[in-house]
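Residue numbers (our numbering): -16 to 651.
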């Protein structure tokens, strides 16, 4: 399912990256497990990203009689949203077979199946066997996938343009201001194709055992795409004997009735008696927010304690503009003083969010929480996994898995300070994977450290919008799809200015530097964007690795309408590795300057520096200057990436050079 490419550049990129499908010739002999991280050899990303307790195996690396799709990085295609930009497409009767790399009793399958013809999704079976025995049938669903059209999207594949007064790439026009009116194919811009599902296998299996996923004959899904399988050994449920057990207050572990009131009673009792709240194994129905303050809530582990809710319409809407509510654990609103001393751990939150309504508070965790911790949660099918509205301080978020969100994975919004997000795994967010958004009040002294962010469908892996003395370190970011980068530093969305320092250090990005559909140009794996203010804080980009960049590795840019208003200065790149660019190492489309020291590059597809400045092309050169502090080595097809003739501000402006697909990343 894809939309016809809108421009020659998009078509050329699709062809250059291998089209959309490669037929498999039959079952292949790859019986030795190929374990990857973000579809790369683990050695290439050692020390970066989250340390997780599961092993990732890409479907394209295992035995199958299906069809490999990809590689392809063109938005709105199934392979583009797959991890590593490839997957395996099965028709009824076909299979993929994974060899366990280590002992496991649980798997997670990332997949896609078709939407219903009129939208809303379908369900379809997938048989799971181990060593040809113990068949279990998973029920896959596309009810939480398949969005269409322009932001904020729709579930209706037959909908007309949501914003016919917006310029769109598909016709290079504003549709309702164009005569004759353009014909826009439907469905328009299908996206968010994938979902994932977990399965306990019922017993422990050994390394070398074979897990086969088969689409049974007669499946109502015309095709099933398998992207990857994560396997792991899940420990026994955690038992807490001395605690306020929610069962004692009427909670239903079978999920037949709503347990929200029972949770409230357990929390109130625990606070009076200075106890923790314990949620034993079970599937609990909760259809509204659970307000938490000065309380510890523990589950038996996220595979065992599952808190699942349905989305509930509000009539009238809530004072905050929400038209729905749903399952979520919320601190008190910051205007009411927020919550403190909240500790959540060891359970899953599964929502029922199928459409994006930005006013809705239907997030897994929300509100304001100071002096608090969130650890070991699994959050799926909410709007945003965790969204915090400050002011608030001293929150530690660790070891969580956030997947299949309609919007962000996690967002520090407004006045969040002295907080840490570390060792979390985020996959398939519908907007930024991790974000700090300093709207109205600056975020300060926060750290995003050693997290993994994969396949954000829209926007960025990690985004920092304004703020003071924040740090992005040790993260692994892979496969942003469209209208974003692996890392964005942005003066936009009404954010307060960047002040003090911003440290972006020791991160690895892979298959980033996407095609920006609105501008019709390629971005960078790191994208520094001055849209609403100057960016002149001390920005230190140190020790980062930018691998297999679709277009550029580094981009500094302002929007055309404000190109003479705002600049980017005081940015410093040091000890950087760039392994593969479709186009340039640095693309500058703004006034300002940056320094470069020990930036080593190889497999560079175009001129090393694409310097357009502010597009005035004066005899004095570009309005953007590069300072060479030494040690900037390597290059590609056009010679050294930072050649003396390019310095300090030679105009080398070519926004759309031919894409030269680099070889796969390899040890440096």
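Heads up, the beta-carbon is just placed ideally off N, CA and C, and yes, glycines get one too.
None of these values were measured; they are calculated from a predicted model.
With a cut-off of 8 Å on the beta carbons, I'd call residue i and residue j a contact; round off their distance for me.
i           : j           : result
residue 494 : residue 454 : 24 Å between Cβ atoms; not a contact.
residue 404 : residue 382 : Not quite, the Cβ-Cβ distance comes to about 11 Å (not below 8 Å), so this is no contact.
residue 470 : residue 490 : 7 Å
residue 194 : residue 81  : 5 Å
residue 504 : residue 554 : Actually they are not in contact, since the Cβ atoms of residue 504 and residue 554 sit about 20 Å apart, beyond 8 Å.
residue 106 : residue 71  : Rounded, the Cβ-Cβ distance is 20 Å, inconsistent with contact.
residue 254 : residue 277 : 6 Å
Quick one: Cα of residue i to Cα of residue j, how far?
i           : j           : result
residue 234 : residue 260 : 12 Å
residue 167 : residue 153 : 8 Å
residue 343 : residue 263 : 30 Å
residue 327 : residue 136 : 32 Å
residue 373 : residue 291 : 26 Å
residue 21  : residue 602 : 45 Å
residue 197 : residue 76  : 7 Å
residue 487 : residue 163 : 48 Å
residue 12  : residue 49  : With a pLDDT of 41 at residue 12, under the threshold of 50, the modelled position of this residue cannot be trusted; read the value that follows with caution. Approximately 14 Å between the Cα atoms of the pair.
residue 529 : residue 568 : 10 Å
residue 114 : residue 190 : 12 Å
residue 550 : residue 607 : 9 Å
residue 362 : residue 428 : 26 Å
residue 723 : residue 520 : Outside the displayed span of the chain (-16 to 651) sits residue 723, for which this structure offers no information.
residue 477 : residue 418 : 14 Å
residue 640 : residue 649 : 25 Å
residue 426 : residue 401 : 9 Å
residue 514 : residue 475 : 6 Å
residue 422 : residue 447 : 11 Å
residue 265 : residue 299 : 33 Å
residue 481 : residue 430 : 15 Å
residue 436 : residue 267 : 28 Å
residue 398 : residue 541 : 26 Å
residue 111 : residue 124 : 16 Å
residue 86  : residue 144 : 50 Å
Find the nearest neighbour of residue i within the set the options, judged by alpha-carbon distance.
i           : options            : result
residue 531 : 511, 507, 518      : 507
residue 384 : 111, 406, 252, 89  : 406
residue 364 : 114, 128, 632      : 128
residue 627 : 640, 610, 638      : 610
residue 172 : 538, 544, 500      : 500
residue 97  : 165, 177, 134, 151 : 177
residue 378 : 388, 395, 101      : 395
residue 324 : 509, 357, 558      : 357
residue 148 : 99, 138, 161       : 161
residue 502 : 387, 482, 151, 141 : 151
residue 209 : 638, 44, 339       : 44
residue 366 : 285, 350, 413      : 413
residue 391 : 398, 375, 399, 410 : 410
residue 134 : 57, 612, 339, 103  : 339
residue 552 : 543, 577, 538, 485 : 577
Between which two residues does the beta strand (DSSP E) holding residue i run?
i           : result
residue 358 : 355 to 358
residue 487 : 481 to 488
residue 530 : 528 to 532
residue 88  : 87 to 95
residue 412 : Note, residue 412: premise wrong, no beta strand (DSSP E); not H, not E.
residue 78  : 78 to 82
residue 507 : 507 to 513
residue 550 : 550 to 564
residue 452 : 450 to 456
residue 332 : 331 to 333
residue 372 : 369 to 372
residue 584 : 574 to 587
residue 493 : 491 to 493
residue 592 : 592 to 594
Alpha helix (DSSP H) containing residue i: first to last residue?
i           : result
residue 251 : 243 to 256
If you drop the 5 nearest sequence neighbours on each side, which residues of the same chain put their C-beta closer than 7 Å to that of residue i?
i           : result
residue 600 : 634
residue 588 : 564, 565, 566, 619, 620, 642, 643, 645
residue 270 : 241, 243, 292, 293, 295, 309, 310
residue 90  : 182, 184, 194, 212, 213, 214
residue 159 : 147, 148
residue 239 : none
residue 23  : 493, 648
Once you ignore the five residues that flank residue i on each side, which residues in its own chain have a CB closer than 6 Å to its CB?
i           : result
residue 615 : 579, 582, 625
residue 595 : 572, 636
residue 524 : 487, 556
residue 245 : 229, 232, 233, 234
Taking 8 Å as the limit between beta carbons, can you name the residues of its chain near residue i, skipping five residues before and five after?
i           : result
residue 200 : 75, 76
residue 31  : 433, 457, 458, 459, 489, 490, 491, 528
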